[in-house]
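Undergrad: Counting in the working numbering, the sequence shown runs from 104 upward without gaps.
Quick reminder that beta carbons are idealized off the backbone N, C-alpha and C, glycines included.
On a predicted model such as this, the values are computed, not experimentally measured, just so you know.
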Amino acid sequence: MFTQVIASAKDDKAKQVFPREWDLAYIALPMVCQREQHRPTLEPEEVESILSKCKRSTYRMVAGLLAGTGIRISELLALEIGKHISADCSIISIRQQRGKWGGIESTPKTDAGFRDIDLCPHLAKMLRS
Numbered sequence: 104m105f106t107q108v109i110a111s112a113k114d115d116k117a118k119q120v121f122p123r124e125w126d127l128a129y130i131a132l133p134m135v136c137q138r139e140q141h142r143p144t145l146e147p148e149e150v151e152s153i154l155s156k157c158k159r160s161t162y163r164m165v166a167g168l169l170a171g172t173g174i175r176i177s178e179l180l181a182l183e184i185g186k187h188i189s190a191d192c193s194i195i196s197i198r199q200q201r202g203k204w205g206g207i208e209s210t211p212k213t214d215a216g217f218r219d220i221d222l223c224p225h226l227a228k229m230l231r232s
């Protein structure tokens, strides 16, 4: 993208302002090895500690759903109880998300964003209560 912006700069005679050849090996993005990438996760004890320190049941539910399902906060905040949560509270359907300024976006950004998440029995019970 950077190279395209610089290369597109032209003067009033339609000549390139910054004519150059790019050394793509020098300015290219580094390769990321997925197996070696550090992905920090919380241990079960850490999640329990966080949940036990939540004073309000609403915060406890939000923290539990985020930790137990891996959904994004914008997806969680866009859930509608009768529409995206099954009657027995065992499945959450992700079909929309909150936008940057708080409004509901009609759809997730990608097709992979549309998904159904099975809840473990403990989370389903917490959601029912």
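1) If we ignore side chains and look at the alpha-carbon of each, how far apart do L169 and L230 end up?
2) Can you tell me which of the three DSSP states Q200 falls into?
3) Please report the distance separating the alpha-carbon of G185 from that of Q199.
4) Could you tell me if A215 is buried or exposed, where buried requires 16 or more neighbouring beta carbons within 10 angstroms of its beta carbon?
5) Given a cut-off of 8 Å, decide if V120 and D126 are closer than it, judged by their beta-carbon atoms.
6) Excluding the 5 residues preceding and the 5 following A117 in the sequence, name in chain order all residues of the same chain whose CB lies nearer than 6 Å to its CB.
7) Can you tell me where the alpha helix (DSSP H) holding I184 begins and where it ends?
TA: In short:
1) For the purposes of this step, residue 169 is identified with residue 66 of the sequence shown, where counting begins at 1. For the purposes of this step, residue 230 is identified with residue 127 of the sequence shown, where counting begins at 1. Their backbone Cα atoms lie some 13 Å apart in a straight line.
2) Locating residue 200 in the sequence shown gives position 97, counting from the first residue. Of the three classes helix, strand and coil, the one that applies to Q200 here is strand, per DSSP.
3) On the sequence shown, residue 185 is found 82 positions in, with the first residue counted as 1. On the sequence shown, residue 199 is found 96 positions in, with the first residue counted as 1. Approximately 14 Å between the Cα atoms of the pair.
4) Mapped onto the sequence shown, residue 215 falls at position 112. Burial call: exposed.
5) Numbered from its first residue, the sequence shown carries residue 126 at position 23. Numbered from its first residue, the sequence shown carries residue 120 at position 17. No, the pair does not count as a contact, with Cβ atoms beyond the cut-off.
6) Position 14 of the sequence shown, counting from 1, holds the residue named residue 117. For A117, where only same-chain residues beyond five positions count, there are no Cβ hits under 6 Å.
7) By one-based count along the sequence shown, residue 184 stands at place 81. Residues 184-187.
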